[in-house]
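Residue numbers (the working numbering): 27 to 360. Using N, Cα and C, we set each Cβ at its ideal position, and we do this for glycine too. So the structure is just underneath, and the comments pick up after that.
Okay, structure coming up:
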């Protein structure tokens, strides 16, 4: 049989140097180079490149892009709300929630009765800061596979959050510095802490602050936040919680807090290798991506006959789906 099952997909989509291209619609989905027309699934920089002539996305994603990259990061913006169909040439495009971050969307493309869903990144665990993932029945589902290995069966978010709350009780003299991505993970953790009854001000890095303002503008309450000031003397006496992005840029800032505990939050902390690479005092296995079992459940719920795998290993999913009603290939094989 080979890859003949990809024939109907190849009539609609193809891989180009710029990224995933919809042939009859004449647009790209999350292109990696500048293009005339792009549909952006969400605001993370590896999906939301700047410089496109026209960007179609949810209003939330557009606001996030402008907050992070400037109001003129694209020539023109076309906001499209969830569930509202739009005809682009001969392709009907609809955006559905992906549950990844605020405004994240699955791109549903329908052409001559054949439906393809490209969700970008997605997660299935509960998140009070964004609309939950909505399974969409389709012929072809393009799944991410960030955690596309059976070993990535992650614990419930509630269990990991309980570890943080316990640490706050055991070490009240320490500033707990949460190392979390500026978009998505930071806001999720802040919202979860608010739900636990934390009302004290939370100190946030400027990059986190900017995104939190967008979340607030779209009705997601963050509570009282304080932007990290320029004067480091203030942090010396701080107690409570601070949130900043992981990476080299924050290393020096963390040391300003004096007596502190660093708290990591990532699905990669599920493995010993990930914990060694992401050193922190308190590792929390909290991810903004679907884990292995959630990937399989999502594929089943879409009723897709063809699955294309991207952003991760495809071999394990191919093995898991082999012999069943679903044909599976890597997106690069398209």
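Rounded to whole angstroms, the gap between the alpha carbons of residue 169 and residue 160 is 14 Å. Nearest neighbour of residue 77 by Cα position, chosen from 67, 296, 89 and 103, turns out to be 103.
About 7 Å separates the beta carbons of residue 107 and residue 84, which is inside the 8 Å limit, making them a contact pair.
The C-alpha of residue 218 is placed about 10 Å away from the C-alpha of residue 152.
When C-alpha distances from residue 336 are compared across 63, 56 and 29, the shortest belongs to 56.
In the structure shown, residue 31 adopts helical secondary structure according to DSSP, grouped into three states. For residue 358, no beta strand (DSSP E) run applies, since DSSP gives it neither H nor E. Annotation for residue 180: 293, 296, 311, 313 and 317 place their beta carbon closer than 7 Å to its own, counting only its chain and skipping 5 residues before and after. Check the Cα spacing between residue 240 and each of 357, 92 and 119: the tightest is with 92. Rounded to the nearest angstrom, the gap between the Cα atoms of residue 122 and residue 353 is 24 Å. Short of 6 Å from the beta carbon of residue 186, and not among the five residues preceding or following it, lie these beta carbons of its own chain, in chain order: 310, 311 and 312. Two segments are said to touch when three or more pairs of C-beta atoms, one from each, lie closer than 8 Å; by this definition the stretch 225-241 does not touch the stretch 58-65. Annotated three-state conformation of residue 60 is coil, per DSSP.
Contact between residue 201 and residue 265 is confirmed by a C-beta separation of about 6 Å, below the 8 Å threshold. Within the model, the alpha-carbon separation for residue 115 versus residue 36 is close to 18 Å. Beta-bridge partners of residue 88 (DSSP): none assigned. Ranking 247, 134 and 175 by CA distance to the CA of residue 54 puts 134 first. Take residue 342, set aside five residues on each side of it, and the residues of its chain with a beta-carbon closer than 7 Å to its own are 174, 175 and 176, in chain order. Non-local C-beta neighbours of residue 212 in its own chain, meaning closer than 6 Å and more than five positions away in sequence, comprise 206, 234 and 269, ordered along the chain.
In this chain, the beta strand (DSSP E) harbouring residue 105 covers 102-105.
The C-beta of residue 305 has fewer than 16 other C-beta atoms within 10 Å across all chains shown, which makes the residue exposed. Here residue 150 really is in contact with residue 125; their C-beta atoms are around 6 Å apart, less than 8 Å. For residue 224 against residue 291, the beta-carbon gap comes to about 16 Å, at or over 8 Å, which does not count as contact. Within the model, the alpha-carbon separation for residue 40 versus residue 167 is close to 15 Å. From the listed residues 33, 250, 332 and 236, the smallest Cα separation to residue 94 is found for 236.
Residue burial annotation: residue 196 is exposed, with fewer than 16 other C-beta atoms found within 10 angstroms of its C-beta. The DSSP-derived three-state label of residue 200 is coil.
Around the C-beta of residue 208, 16 or more other C-beta atoms lie within 10 Å, and the residue is accordingly described as buried. Nearest C-alpha to residue 307 among 131, 339, 190 and 72: 190. When DSSP states are grouped into helix, strand and coil, residue 296 belongs to the helix group. In the three-state reduction of the DSSP assignment, residue 187 falls in the helix class, which pools H, G and I.
Selection 31, 315 and 34 evaluated against residue 178 yields 315 as nearest (Cα-Cα).
At a Cβ-Cβ threshold of 8 Å, residue 331 and residue 165 count as neighbours. Closest in C-alpha terms to residue 360, from the list 198, 333 and 220, comes 333. DSSP places residue 214 inside the alpha helix (DSSP H), whose first and last residues are 211-221.
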